[in-house]
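Just add 45 to wherever you are in the sequence shown, counting from 1, and you've got my numbering.
The beta-carbon is built from N, C-alpha and C at its ideal position, and this holds for glycine as well.
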Amino acid sequence: MIIKIVTRKQKLGLKSQERWELRMNMKEKDPEEFFNHTRMDRHIYDLLLSQTKDHLTKKSIRTPINFECRLVSVARSFPSAFGLELSYGKINSQRNNIRDLHNSMGGVFQNSAMGRTLLTGELPLPQENYLPNSDTIFPFFFVADAAFPLKNHIMRPYPGRLLNDRKRVFNYRLSRARRIIENAFGILVARWRILKTTIHYAPDNCEKIVLAYIALHNFIIANKPIYCPVNYVDGEDTDGMVHLG
């Protein structure tokens with residue numbers, strides 16, 4: 046009986062490998078279809094493979110799927126595992142619909158490990174320093190929007206519309222700094238659209254999913270400039286005019 050089970054598993058392993066080897070043929074014969082399956086061209090895929098094959102090589106008593114087939118298997122299922130595909134659409138800063146008031150952006154932040162340590166002063170940050178060309182000592186801070194509280198290490202814009210010139214200029218400069226952050230996150234979200242909606246998984250799994258997307262995003266953007274062309278993000282000219290990406 047044991048011999049029969051092992052033989053059956055070996056056959057299943059061979060069938061699985063054959064299936065993925067057929068997909069691997071696309072890399073050479075049909076690059077466009079290969080990209081549709083993996084979201085990478087063959088050059089980026091080969092580079093990623095060279096850096097991960099030692100971790101993907103599986104030791105087993107049955108015939109294992111080779112490491113290249115394992116990588117294409119992961120790459121194939123990763124973008125669509127959550128019912129979403131890559132998008133090359135325009136970046137925007139629209140927020141998701143909030144279904145639960147307690148799970149708003151500010152609320153989630155305050156209940157996160159980072160938020161708690163920041164608000165209690167336990168997050169290790171650089172010491173206060175002088176502002177440029179000034180004798181004023183100021184703490185390092187995170188740039189935030191109106192959804193977050195104003196704290197020593199959190200800078201948010203002045204609320205309301207009837208603001209004096211000084212406050213409007215401050216809000217503009219803060220918004221300009223925040224735009225850089227939103228551009229960076231916007232690129233990530235536009236490429237991996239699962240980050241644009243609610244991820245219905247356990248927090249630990251969500252953390253792993255997000256870290257995996259960020260790692261793959263950083264890897265591709267560092268090796269493929271066309272992944273993020275110049276006109277893909279918002280920009281600002283010498284007159285201070287904002288040009289949307």
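MET159 in three-state terms, based on DSSP: Assignment of MET159 by DSSP, reduced to helix, strand and coil, places it in the helix class.
Using three-state DSSP, classify LYS241 as helix, strand or coil. In the three-state reduction of the DSSP assignment, LYS241 falls in the helix class, which pools H, G and I.
For my contact list, ARG236 and HIS262 are in at a C-beta cut-off of 8 Å; report their separation, rounded to the angstrom. 6 Å
Count the other CB atoms, across all protein chains shown, that sit within 10 Å of the CB of PHE183; report buried if there are 16 or more and exposed otherwise. Counting every other CB atom within 10 Å of its CB across the protein chains shown gives PHE183 a total below 16, marking it as exposed.
Taking the continuous alpha helix (DSSP H) assigned at CYS251, which residues delimit it? 248-268
For SER125, collect the residues of the same chain with a Cβ closer than 8 Å to its Cβ; drop the 5 residues on either side in sequence, then sort them by chain order. Residue confidence is low: SER125 scores 43 on pLDDT, short of 50, so the model does not pin down where it sits. Its coordinate-derived value is still stated next. Beyond the five residues adjoining it in sequence on each side, SER125 comes within less than 8 Å, by CB distance, of no other residue in the same chain.
Opposing strand residues paired with ASN174 [DSSP bridges]: Bridge partners of ASN174: PHE183.
My guess is that ILE239 and TYR246 are in contact by the Cβ rule of under 8 Å, so how many angstroms apart are they, rounded? That pair is no contact at about 10 Å.
Cut-off 7 Å between Cβ atoms - residues of its own chain near LEU33, not counting five sequence neighbours on either side: Given a span of 46 to 290 for the chain in the structure shown, any question on residue 33 remains unanswerable.
Just list the residues that DSSP pairs MET200 with in beta bridges. VAL188
For ILE136, name the three-state secondary structure that DSSP assigns. Note that ILE136 scores 28 on pLDDT, short of 50, meaning its location in the model is unreliable; the coordinates nonetheless yield the value given after this. If DSSP states are grouped into helix, strand and coil, ILE136 belongs with coil.
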